[in-house]
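Q: The working numbering applies: residue 539 is where the sequence shown begins, and numbers increase by one.
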Amino acid sequence: MADSTYRMVVASDNSDVSRKAICFAVDLCKKLAVTYELDIVYVIALNPPSNPLPGLGQLDKAANVEIQDDAKKDLVELRGFVKQFDGVVNYSLIDIKDYTHVGAILEDYTIKRAADILIVGSRNNEGLRKIILGSTSEYCVHHVKCPVIVVKHDHNEHKK
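(1) If you run the structure through DSSP and keep just helix, strand and coil, what is residue 570?
(2) Hey, is the stretch 635-649 in contact with the stretch 576-584, meaning 3+ C-beta pairs nearer than 8 Å?
(3) Would the beta-carbon of residue 633 fall within 8 Å of that of residue 583?
(4) For the 8 Å Cβ check, are there 3 or more pairs between the stretch 600-610 and the stretch 652-661?
(5) Can you list, in chain order, the residues of its chain whose CB lies under 7 Å from that of residue 558, leaving out five sequence neighbours each side?
(6) To the nearest angstrom, report how far apart residue 575 and residue 629 are at their CA atoms.
(7) According to DSSP, is residue 637 helix, strand or coil?
(8) Going by the CB atoms, is the gap between residue 567 and residue 640 shorter than 8 Å?
(9) Answer yes or no: do residue 631 and residue 651 have a C-beta to C-beta separation smaller than 8 Å?
Given below as structure tokens:
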């Protein structure tokens with residue numbers, strides 16, 4: 539007998555738009571008339587170890603320490619944020635650490651979990667900002683095998 543559980547993954551980096559994506563996923567779960575699993579995934583994308591020139595490997599290590607310290611703080615805040623959904627929906631808050639970029643980590647996770655859908659937030663970066671920072675949501679739309687919902691950041695929200 540096939541597993542009929544609907545598996546939903548929502549990516550979070552503790553930003554406003556990722557919190558909006560979590561709320562979207564929670565609302566969707568409340569509407570589902572099937573058994574579901576909601577994984578809220580916080581990705582810690584570390585710099586891969588490298589030794590191009592003597593001494594530069596220490597820069598990668600130092601950057602990774604800073605990334606992990608920031609992640610610890612974000613996860614504490616994120617745990618506080620998702621507590622409001624305790625008893626409302628069943629969810630798991632998962633943190634994943636790997637040595638590649640966020641999009642590839644999410645792609646791999648959706649495959650391992652046999653996800654039915656991935657929900658990501660988008661800051662709607664444009665121009666040079668998008669070129670420099672990249673776009674996790676765009677990567678996911680083009681590479682993740684399951685359907686992807688992109689929850690957009692509303693630039694007018696902060697003006698209200």
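For each residue, glycine too, the CB sits at the ideal point set by N, CA and C.
A: In short, the structure shows the following:
(1) Within the sequence shown, numbered from 1, the residue matching residue 570 stands at position 32. Residue 570: coil per DSSP, three-state reduction.
(2) Taking a cut-off of 8 Å on C-beta distances, the stretch 635-649 touches the stretch 576-584, as three or more cross pairs fall below it.
(3) As a position in the sequence shown, residue 633 is number 95, starting the count at 1. As a position in the sequence shown, residue 583 is number 45, starting the count at 1. In terms of Cβ geometry, residue 633 and residue 583 do not form a close pair [threshold 8 Å].
(4) no
(5) Your numbering for residue 558 matches position 20 in the sequence shown. Closer than 7 Å at Cβ, skipping near neighbours: 659 and 689.
(6) Within the sequence shown, residue 575 is the residue found at index 37, counting from 1. Within the sequence shown, residue 629 is the residue found at index 91, counting from 1. Straight-line Cα distance between these residues: approximately 7 Å.
(7) For the purposes of this step, residue 637 is identified with residue 99 of the sequence shown, where counting begins at 1. Reduced to three states, the DSSP call for residue 637 is coil.
(8) By 1-based counting over the sequence shown, the position of residue 640 is 102. By 1-based counting over the sequence shown, the position of residue 567 is 29. Contact flag unset, no.
(9) Mapped onto the sequence shown, residue 631 falls at position 93. Mapped onto the sequence shown, residue 651 falls at position 113. No, the pair does not count as a contact, with Cβ atoms beyond the cut-off.
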